[in-house]
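*Asks:* Chains as they are written, first to last, in my numbering: chain X, 115 to 362; chain S, 115 to 362.
Where a beta carbon is used, it is the ideal one built from N, C-alpha and C, also for glycine.
A single structure is presented below for examination.
There are 2 protein chains.
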Amino acid sequence: MYVETGKMTARAAAMADISSCADCTIRSGAICAGLGGDTLHEFFRRGRRVKLERGQTLMWEGDAAPVVGSVRRGLLKLTSMLSDGREQILGLALPGDFVGRPFGGRATSTVTALTETSLCVFPRAVFDAFVADHPELQHELLLHTLDALDHARRWMILLARKSAGERVASFLLEMADRAGVADGEPAEIVLSRQQMADFLGLTIETVSRKLTLLRQSRAVRLPDLKSFVILNRAALSDAAGGEDRLAA
Amino acid sequence: MYVETGKMTARAAAMADISSCADCTIRSGAICAGLGGDTLHEFFRRGRRVKLERGQTLMWEGDAAPVVGSVRRGLLKLTSMLSDGREQILGLALPGDFVGRPFGGRATSTVTALTETSLCVFPRAVFDAFVADHPELQHELLLHTLDALDHARRWMILLARKSAGERVASFLLEMADRAGVADGEPAEIVLSRQQMADFLGLTIETVSRKLTLLRQSRAVRLPDLKSFVILNRAALSDAAGGEDRLAA
DNA sequence: CGTGCGGTTGATCCGAGTCAAGCCAAGTGG
DNA sequence: CCACTTGGCTTGACTCGGATCAACCGCACG
Numbered sequence: 115m116y117v118e119t120g121k122m123t124a125r126a127a128a129m130a131d132i133s134s135c136a137d138c139t140i141r142s143g144a145i146c147a148g149l150g151g152d153t154l155h156e157f158f159r160r161g162r163r164v165k166l167e168r169g170q171t172l173m174w175e176g177d178a179a180p181v182v183g184s185v186r187r188g189l190l191k192l193t194s195m196l197s198d199g200r201e202q203i204l205g206l207a208l209p210g211d212f213v214g215r216p217f218g219g220r221a222t223s224t225v226t227a228l229t230e231t232s233l234c235v236f237p238r239a240v241f242d243a244f245v246a247d248h249p250e251l252q253h254e255l256l257l258h259t260l261d262a263l264d265h266a267r268r269w270m271i272l273l274a275r276k277s278a279g280e281r282v283a284s285f286l287l288e289m290a291d292r293a294g295v296a297d298g299e300p301a302e303i304v305l306s307r308q309q310m311a312d313f314l315g316l317t318i319e320t321v322s323r324k325l326t327l328l329r330q331s332r333a334v335r336l337p338d339l340k341s342f343v344i345l346n347r348a349a350l351s352d353a354a355g356g357e358d359r360l361a362a
Numbered sequence: 115m116y117v118e119t120g121k122m123t124a125r126a127a128a129m130a131d132i133s134s135c136a137d138c139t140i141r142s143g144a145i146c147a148g149l150g151g152d153t154l155h156e157f158f159r160r161g162r163r164v165k166l167e168r169g170q171t172l173m174w175e176g177d178a179a180p181v182v183g184s185v186r187r188g189l190l191k192l193t194s195m196l197s198d199g200r201e202q203i204l205g206l207a208l209p210g211d212f213v214g215r216p217f218g219g220r221a222t223s224t225v226t227a228l229t230e231t232s233l234c235v236f237p238r239a240v241f242d243a244f245v246a247d248h249p250e251l252q253h254e255l256l257l258h259t260l261d262a263l264d265h266a267r268r269w270m271i272l273l274a275r276k277s278a279g280e281r282v283a284s285f286l287l288e289m290a291d292r293a294g295v296a297d298g299e300p301a302e303i304v305l306s307r308q309q310m311a312d313f314l315g316l317t318i319e320t321v322s323r324k325l326t327l328l329r330q331s332r333a334v335r336l337p338d339l340k341s342f343v344i345l346n347r348a349a350l351s352d353a354a355g356g357e358d359r360l361a362a
């Protein structure tokens, strides 16, 4: 885990902090949205910018999890390990999302970077105390948590009731929409086939087969392993099964 | 939907409110925990006590959902309807749990009473405003939401990875634990077989078969349709599959 | 060149869904 | 009081979708 801050004067640190917030592309969607200049600065001073390489883990399920954080850039997965050693992906964290468990005991999931990722990380005790003093921050955190809950519950429906083909189609739709990629344009598949399987509650072979079927039906094009293009959104949406709509 | 309040003098209403809170058995676990006497009274004055009969619905998925509430007594289900008409139960709400979606647009699930239920219900706009003015209330709501999120994510694992037998066993364990019933003592199954199936992402036939197997293996006894007794917790826990532990 | 790893494809198996029949307890009407 | 219905549950026979096991492909890397 590489931490960007080093030794510097208080003034230099403050300037770095301010510029950090000023150039932050996700402020509007993050929990720090709505914090005034002074409060924002106070808040930021308590955290650190952390950069994770692909594959690095921020916290482990069950650990005392000393930190929470806000994603600035990149993509992380939240996972839980099963007794048989397989892992289930519980969700993804994108820029603006919040990770970790404030006011709690142990971390409820393992948080791992899927791409190079940058976060604002806070010691949990410090974060908890600061939130207690700043209702507007707590409010943003509450909104984020409510959204995450809604999203998790929609995903429950997919896992409980959708067929393998529907899951894969739903996944592609969600990836394209979250990335804001238009139909016809190539969108990135950030996950490996194994990770897609872990996410969708399937096996790698089934994921592969269903992708092949979607390609053969001309709903999508798969130029390479890590990208896809929506050729026929209606067909894809149809294959996703009514779309009780996972999109937030 | 039967609303208990009628016309009464301000003083009588206030007394009713106070006694309502005083005799509330779930205060400690509800979002109103930690509200001081005056604030609690203020808060309570803004809501109403609502009683739902078994089967009555408090709000519908997708509706503008004008209310939120805190469960005092009884049991409700949160459901979402699939395009094919089947429903998936997203979660249960027990005394102390919070239902509805504050600060949001539409209700994200349908909320229906499974037993006779009593709630403190608030108009959403009123609730939102009151929460904004009372950080301690917002804090409690946040804690509840974080817990609900953790619970939903654990349930995702069950739906994504567990076999039918494991799901049914996990369900029985959770029911017994939530009701605080000791092994050997009869515990209530509040749901019908159909509702269990909707909850576990199975069909009614499969639920029935797996219950029969558990009975035959002497893990549980099923005196009648609506109750069960844990005879061998080790066996049941084993059948639940390692128990990556759904209990909070 | 091999060697290894991620992905695809094929053959087979098994668990849960589907369809259908029957059971039992609680109404309901003659 | 008894035949008949009704609704929730169980059980059985069969089907089918996705897991499993296995072979193979293609590419990166030593």
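Buried or exposed for X:Ala-126, please, with buried defined as at least 16 other CB atoms from any protein chain shown within 10 angstroms of its CB.
*Replies:* Low local confidence applies: a pLDDT of 41 at X:Ala-126 is under 50, so the model's placement there is unreliable, and no value is given.
*Asks:* Excluding five sequence neighbours on each side, which residues of the same chain lie with their C-beta closer than 8 Å to the C-beta of X:Gln-308?
*Replies:* Result list for X:Gln-308: Ile-318, in chain order.
*Asks:* What are the boundary residues of the alpha helix (DSSP H) that X:Ser-284 is part of?
*Replies:* Element bounds for X:Ser-284: 278–293.
*Asks:* Taking 8 Å as the threshold (beta carbon to beta carbon), is S:Trp-174 in contact with chain X?
*Replies:* It does not; no Cβ of chain X falls within 8 Å.
*Asks:* Is there a C-beta anywhere in chain S that falls below 8 Å from the one on X:Asp-264?
*Replies:* With 8 Å as the cut-off, X:Asp-264 counts as an interface residue toward chain S.
*Asks:* Determine which residues of the stretch 215–247 of chain X have a Cβ less than 8 Å from any Cβ of chain S, and write them out in chain order.
*Replies:* The stretch 215–247 of chain X vs chain S, Cβ under 8 Å: Arg-215, Pro-216, Phe-217, Gly-218, Thr-222, Ser-223, Ala-246.
*Asks:* Could you pull the DSSP bridge partners for X:Cys-138 from this structure?
*Replies:* Answer is none; X:Cys-138 lacks a bridge partner.
*Asks:* What is the DSSP secondary structure of S:Gln-202, counted as helix, strand or coil?
*Replies:* It is a strand residue.
*Asks:* For the stretch 299–317 of chain X, which residues have a beta carbon sitting closer than 7 Å to at least one beta carbon of chain S?
*Replies:* Cβ contacts with chain S come from Gly-315.
*Asks:* Could you give the DSSP three-state label for S:Phe-241: helix, strand or coil?
*Replies:* DSSP places S:Phe-241 in helix when its eight states are reduced to three.
*Asks:* Between S:Ser-142 and S:Ala-136, what straight-line distance do the alpha-carbon atoms span, to the nearest angstrom?
*Replies:* Cα to Cα, S:Ser-142 sits roughly 11 Å from S:Ala-136.
*Asks:* Any idea what DSSP makes of X:Leu-196, helix, strand or coil?
*Replies:* If DSSP states are grouped into helix, strand and coil, X:Leu-196 belongs with coil.
*Asks:* Helix or strand or just coil, what does DSSP make of X:Val-304?
*Replies:* Coil at X:Val-304, not helix or strand.
*Asks:* By Cβ distance below 8 Å, which residues in the same chain neighbour S:Leu-345 in space, the five residues on each side in sequence not counted?
*Replies:* Around S:Leu-345: Asp-297, Gly-298, Arg-332, Ala-333, Val-334, Arg-335.
*Asks:* Which whole-angstrom value describes the C-beta separation of S:Leu-233 and S:Val-185, a residue pair presumed to lie in contact below a C-beta threshold of 8 Å?
*Replies:* Their Cβ separation, rounded to whole angstroms, is 5 Å, which keeps S:Leu-233 and S:Val-185 in contact under 8 Å.
*Asks:* Have a look at X:Met-270 and S:Leu-350 and give me their C-alpha separation to the nearest angstrom.
*Replies:* Cα to Cα, X:Met-270 sits roughly 24 Å from S:Leu-350.
*Asks:* How is S:Ser-341 classed by DSSP in three states: helix, strand or coil?
*Replies:* Correct three-state label for S:Ser-341: strand.
*Asks:* Candidates S:Leu-206, S:Lys-165, S:Asp-198: which alpha carbon is nearest S:Gly-304's?
*Replies:* Residue identity differs from the one stated: residue 304 of chain S is Val in this sequence, not Gly. Here the closest residue by C-alpha is S:Leu-206.
*Asks:* Closer than 8 Å by beta-carbon distance: list the chain S residues that pair up with X:Thr-259, in chain order.
*Replies:* Those within 8 Å of X:Thr-259 in chain S are Leu-256, Thr-259, Leu-260, Leu-263.
*Asks:* Consider the Cβ of X:Asn-253: report whether some Cβ of chain S lies at a distance smaller than 8 Å.
*Replies:* Per the sequence shown, residue 253 of chain X should be read as His rather than Asn. With 8 Å as the cut-off, X:His-253 counts as an interface residue toward chain S.
*Asks:* Report back the beta-carbon spacing between S:Thr-229 and S:Leu-189 to the nearest angstrom; my notes put them in contact at under 8 Å.
*Replies:* Contact flag correct, Cβ pair sits at about 5 Å.
*Asks:* Which residue or residues does DSSP assign as beta-bridge partners of S:Arg-186?
*Replies:* The partner list for S:Arg-186 (beta bridge, DSSP) is empty, contrary to what the question assumes.
*Asks:* Quick one: which chain X residues come within Cβ less than 8 Å of S:Ser-184?
*Replies:* Simply none; closest approach about 16 Å.
*Asks:* Examine chain X for any beta-carbon lying closer than 8 Å to the beta-carbon of S:Met-289, and answer yes or no.
*Replies:* It does not: the Cβ of S:Met-289 has no partner Cβ on chain X nearer than 8 Å.
*Asks:* Kindly list, in the order they appear in chain X, the residues whose Cβ is closer than 9 Å to that of S:Ser-322.
*Replies:* By Cβ distance, chain X contributes nothing, its closest Cβ being about 18 Å from S:Ser-322, past 9 Å.
*Asks:* Pull the bridge partners of X:Met-270 from the DSSP assignment, please.
*Replies:* DSSP output for X:Met-270 lists no bridge partner at all.
*Asks:* Is the beta carbon of S:Asp-312 sitting closer than 8 Å to the one on S:Ile-203?
*Replies:* Yes. Within cutoff.
*Asks:* Please check if any C-beta of chain S sits within less than 8 Å of the C-beta of X:Pro-180.
*Replies:* Answer no: the Cβ-Cβ gap between X:Pro-180 and chain S never drops below 8 Å.
*Asks:* Hey, does S:Ala-354 have any beta-carbon neighbour from chain X nearer than 8 Å?
*Replies:* No - not a single Cβ of chain X is within 8 Å of the one on S:Ala-354.
*Asks:* Could you tell me the boundaries of the alpha helix (DSSP H) in which S:Leu-172 lies?
*Replies:* It is not in any alpha helix (DSSP H) - S:Leu-172 instead sits in the beta strand (DSSP E) that spans 171–173.
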